[in-house]
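Engineer:
There are 2 protein chains.
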Amino acid sequence: MESNMHTEKPVVLGVDVGATKILVGYVESDGIVPLSRRYAIDRSSRVSTIASIETAITDFLEIPWSMYPPLAIGVGLPGLIDATTGTWAQATNLPITSPVNLAAQLKENFKLPVALDNDVHAATLAELHLGAGRKTRDFIYLNVGTGISTGIVFNGQLVRGANNCAGEFGHTSVDMNGVACECGGHGCLEPIASGGGILAQVRALLPEYPTSCLGKLFKLDQLTASLVFYAANNGDLLGIEVSERAVRTLGFALINLIILLNPSLIICGGGVMADGWMIRQLDNYIAAHALPFVYHSLQGIVLSELKADQVGLLGASILAWKSIGKT
Amino acid sequence: MESNMHTEKPVVLGVDVGATKILVGYVESDGIVPLSRRYAIDRSSRVSTIASIETAITDFLEIPWSMYPPLAIGVGLPGLIDATTGTWAQATNLPITSPVNLAAQLKENFKLPVALDNDVHAATLAELHLGAGRKTRDFIYLNVGTGISTGIVFNGQLVRGANNCAGEFGHTSVDMNGVACECGGHGCLEPIASGGGILAQVRALLPEYPTSCLGKLFKLDQLTASLVFYAANNGDLLGIEVSERAVRTLGFALINLIILLNPSLIICGGGVMADGWMIRQLDNYIAAHALPFVYHSLQGIVLSELKADQVGLLGASILAWKSIGKT
């Protein structure tokens, strides 16, 4: 009986578009995902990218489903999104070089309300409504994966900024005379402390550390940030150099962020944060270097309670629920 | 007739407490100040400081006033304020070393609703409701005077943070290996780019620039940041060194702020901004160094439209209007 009641809850359709896959799923308002499926994305062109999203949704909706049909569609996407008009304006890791009104297109095709937003904004909304952010009105969602990005919540609201691109913490510069970043800036955080940056530094420094255990893993294409941290913990000098620089630099930038925004919580997500090592190091760094009143106003720097492979989908579902006034 | 209608508008009592004076005034909801008076502050002790505020209000209320009596009292104060409980928790430039529930005390004495807040938060609210911030929902108020502080407005709301101390931009570090700041941090913005910092650097560098015109002004105690900028514009090498460093450092930190928060407007206040020189330099710096999409999302970096000597009082009045649900 209870199980039956559960499966009869209304759902929305969440769509989490990443650089290499599309995750589509039904999501209940409490974040339960009764059905989801992963699809490939054909990123060879703008047209094929958009067609991949439409095909994935079409296929998913054809899966036999005896419960409520979805009430709305929410889509989280990488890049620059105009959430008000539902326009996907631009992306760097997918070939979206001119704007597409994806919301209008999906609405026309699937006859449902559609909401779009940036994937990190969507994940931040998932933390606010379903994750650790439920307990506080002022927090930072810090995602460190291939890149680095943040979502900022104040007064219980997502800070979008003038062009919906607030939260670009990865391109905070920590050194005005630092090395050039691919964004065009200098001394950005991302090439030093992101997963992509950590691996690139290991590769660049390998010739100086011929005995490092990381060399072999790198050549086998098996290296991850987590293995770099593991190597550092076990005394590997290359691992220590790269991971300590990442901690010091990210910690420094985080203290500036905490002083500026006075959040009560930092919720961490993304592959680099997943094993907890970086979070512990950052907590130590902040405790040692931040002014006491700053550190004490922060309740903690914690790992997301949401499943890493679902947070994007949950975020997309929040967009959908919001579009029909249900959140 | 119109004049008479005007003077019959309801007013609140604004109190702007600075390090050296207290400005008390009646303020109408549209920001008109029909009467104000400046009082000295006896900062010899915690008790004398608080007594100065109470005496100023008492004296002001005794000035003959035939219009509506004030509906509420709003007080802007330096330091750390708990705006919810009305507690003045701590200040550094006034001897408030232990918390005082000033709101409760003033309410008891004057039998009116009382609201307190930090002076920069109050000024930011003045910009939001009466100044250039009326035209936008996402802006930064950047005050550069003796120190540096910001107020952050998103979604039309002041960002207070967990402990009501969001906006401490002056202690953003621009160099983790930089010189020690009196806050306990290293490489902070304030000693480089604030008015106090600019004068301190001129003093420190005077021996290296014996022919600088700034030396005499400094000795006569007449030097201001504006005169340092004027000297720089006229080729004085000491003026150039100090002012260019201030521009470069503040510009660098501002670009990080703009990338992180994506504001549509930066509204500048404070003595260092008043002559417009620093604003023009910052605009040039940001145009030259920020990513194009970041610069283009910013509508401008502009001088406050509010009178510099009234913005604190206006901000205090907004606190008062808010306390009675009128804003």
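So the protein lines, in turn, are chains H and S.
With positions in the first sequence counted from 1, the corresponding number in this note's numbering is that position plus 1245.
With positions in the second sequence counted from 1, the corresponding number in this note's numbering is that position plus 1245.
Note that the Cβ used here is the ideal one computed from N, Cα and C, for glycine as well.
Buried or exposed, going by whether 16 or more other CB atoms sit within 10 Å of the CB of residue 1507 of chain H?
Structural biologist: Buried is the call here.
Engineer: Given that residue 1542 of chain S touches chain C, what residues does it touch there, using C-beta distances under 8 Å?
Structural biologist: Structure shown: chain C not included; protein chains present are H and S.
Engineer: On a CA-only basis, which of H/1489, H/1426, H/1532 and H/1414 is nearest residue 1366 of chain H? Give me that one, please.
Structural biologist: Closest option to residue 1366 of chain H, Cα to Cα, is H/1414.
Engineer: Taking 9 Å as the CB-CB cut-off, is residue 1417 of chain S touching chain H?
Structural biologist: Interface residue, yes.
Engineer: With C-beta atoms as the reference, is residue 1408 of chain H less than 9 Å away from residue 1325 of chain H?
Structural biologist: Yes. Within cutoff.
Engineer: If you draw a straight line from the C-alpha of residue 1347 of chain S to the C-alpha of residue 1536 of chain H, how long is it?
Structural biologist: Their Cα atoms are separated by approximately 26 Å.
Engineer: Out of H/1530, H/1542, H/1511 and H/1525, which one is the CA nearest neighbour of residue 1369 of chain H?
Structural biologist: Checked all of H/1530, H/1542, H/1511 and H/1525; the closest Cα to residue 1369 of chain H is H/1511.
Engineer: Hey, quick one: how far does the beta strand (DSSP E) through residue 1457 of chain H stretch, first residue to last?
Structural biologist: Segment: none, residue 1457 of chain H is in no beta strand (DSSP E) and carries neither H nor E.
Engineer: For residue 1421 of chain S, return the contacting residues in chain H, with the cut-off set at a CB-CB distance below 7 Å.
Structural biologist: The answer, in chain order, is 1497.
Engineer: If you draw a straight line from the alpha carbon of residue 1286 of chain S to that of residue 1318 of chain S, how long is it in whole angstroms?
Structural biologist: Roughly 18 Å separates the two Cα atoms.
Engineer: Going along chain S in order, which residues have a C-beta closer than 9 Å to the C-beta of residue 1383 of chain H?
Structural biologist: Residues of chain S passing the Cβ test: 1404, 1405, 1406, 1407 and 1411.
Engineer: Measure the Cβ-Cβ separation of residue 1482 of chain S and residue 1468 of chain S and say whether it is below 9 Å.
Structural biologist: Contact: no.
Engineer: By how many angstroms is the C-alpha of residue 1531 of chain S removed from the C-alpha of residue 1499 of chain S?
Structural biologist: Using only the alpha carbons, I get a separation of about 8 Å.
Engineer: Check whether the Cβ atoms of residue 1501 of chain H and residue 1417 of chain S lie closer than 9 Å to each other.
Structural biologist: Taking 9 Å as the Cβ cut-off, residue 1501 of chain H and residue 1417 of chain S qualify as a contacting pair.
Engineer: Taking Cβ positions, are residue 1450 of chain H and residue 1489 of chain H nearer each other than 9 Å?
Structural biologist: Contact: no.
Engineer: Determine which residues of the stretch 1448–1481 of chain S have a Cβ less than 8 Å from any Cβ of chain H, and write them out in chain order.
Structural biologist: Taking 8 Å as the Cβ-Cβ cut-off against chain H, none of the residues of the stretch 1448–1481 of chain S qualify.
Engineer: Kindly list the residues whose CB is nearer than 8 Å to the CB of residue 1604 of chain H, restricted to its own chain and excluding five residues on each side of it in sequence; keep chain order.
Structural biologist: Chain H is shown only over 1246 to 1572; residue 1604 of chain H falls outside these bounds and no answer can be derived.
Engineer: Would you tell me roughly how many angstroms separate the C-alpha atoms of residue 1520 of chain S and residue 1553 of chain S, rounded to the nearest one?
Structural biologist: Rounded to the nearest angstrom, the two C-alpha atoms are 11 Å apart.
Engineer: By the criterion of Cβ-Cβ separation under 8 Å, what are the contact partners of residue 1513 of chain S in chain H?
Structural biologist: Those within 8 Å of residue 1513 of chain S in chain H number zero; the least Cβ separation is about 17 Å.
Engineer: Just mark residue 1249 of chain H as buried or exposed, buried being the case when its beta carbon has 16 or more other beta carbons within 10 Å.
Structural biologist: Here the model assigns residue 1249 of chain H a pLDDT of 43, short of 50, so the residue's position is not dependable, and the following value carries that caveat. So residue 1249 of chain H counts as exposed.
Engineer: Tell me which residues share the same chain as residue 1442 of chain S and place their Cβ nearer than 6 Å to its Cβ, disregarding the 5 neighbours each side in the sequence.
Structural biologist: Correct list, in chain order: 1435 and 1436.
Engineer: Helix, strand or coil: which one does DSSP assign to residue 1551 of chain S?
Structural biologist: Three-state DSSP puts residue 1551 of chain S in coil, outside helix and strand.
Engineer: Kindly confirm or deny that the stretch 1423–1435 of chain S and the stretch 1539–1548 of chain S touch, where touching means at least three C-beta pairs closer than 8 Å.
Structural biologist: No, they do not touch.
Engineer: Given 8 Å as the limit, is there contact between the stretch 1266–1275 of chain S and the stretch 1550–1566 of chain S, that is, 3 or more CB pairs closer than that?
Structural biologist: Counting Cβ pairs under 8 Å, three or more are found: they touch.
Engineer: Mind pulling the chain S residues with CB within less than 7 Å of residue 1504 of chain H?
Structural biologist: Those within 7 Å of residue 1504 of chain H in chain S are 1413, 1416 and 1417.
Engineer: Give the range of the alpha helix (DSSP H) segment to which residue 1334 of chain S is assigned.
Structural biologist: From DSSP, residue 1334 of chain S is part of no alpha helix (DSSP H) but of the beta strand (DSSP E) over 1332–1335.
Engineer: Mind checking residue 1567 of chain S: buried by the 16 CB within 10 Å criterion, or exposed?
Structural biologist: Residue 1567 of chain S is buried by the Cβ-count criterion.
Engineer: Going by C-alpha distance, which of H/1430, H/1480 and H/1446 is nearest residue 1456 of chain H?
Structural biologist: If we check each option's Cα against that of residue 1456 of chain H, H/1480 comes out closest.
Engineer: Can you name the residues of chain S whose CB is closer than 7 Å to the CB of residue 1575 of chain H?
Structural biologist: No answer is possible for residue 1575 of chain H: the residues shown for chain H start at 1246 and end at 1572.
Engineer: Can you list, in chain order, the stretches of the beta strand (DSSP E) that have 3 or more residues and sit fully within the stretch 1449–1516 of chain S?
Structural biologist: 1510–1514, all fully within the stretch 1449–1516 of chain S.
Engineer: For a test of the three-state rule: what should DSSP assign to residue 1380 of chain S, helix, strand or coil?
Structural biologist: Helix, per DSSP.
Engineer: For the beta strand (DSSP E) containing residue 1254 of chain S, list its first residue and its last residue.
Structural biologist: Note, residue 1254 of chain S: premise wrong, no beta strand (DSSP E); not H, not E.
Engineer: Tell me residue 1268 of chain H's beta-bridge partners as DSSP assigns them.
Structural biologist: Answer is H/1261 and H/1283, bridged to residue 1268 of chain H.
Engineer: How would you list, in chain order, the residues of chain H whose beta-carbon sits under 7 Å from the beta-carbon of residue 1536 of chain S?
Structural biologist: Per Cβ cutoff of 7 Å: 1428, 1429 and 1430.
Engineer: Label residue 1452 of chain H either buried or exposed according to how many other C-beta atoms from any shown protein chain fall within 10 Å of its C-beta, with 16 as the threshold for buried.
Structural biologist: Exposed, by the Cβ-count rule.
Engineer: CA-CA distance, residue 1332 of chain S and residue 1446 of chain S?
Structural biologist: So the alpha carbons of these two residues sit roughly 36 Å apart.
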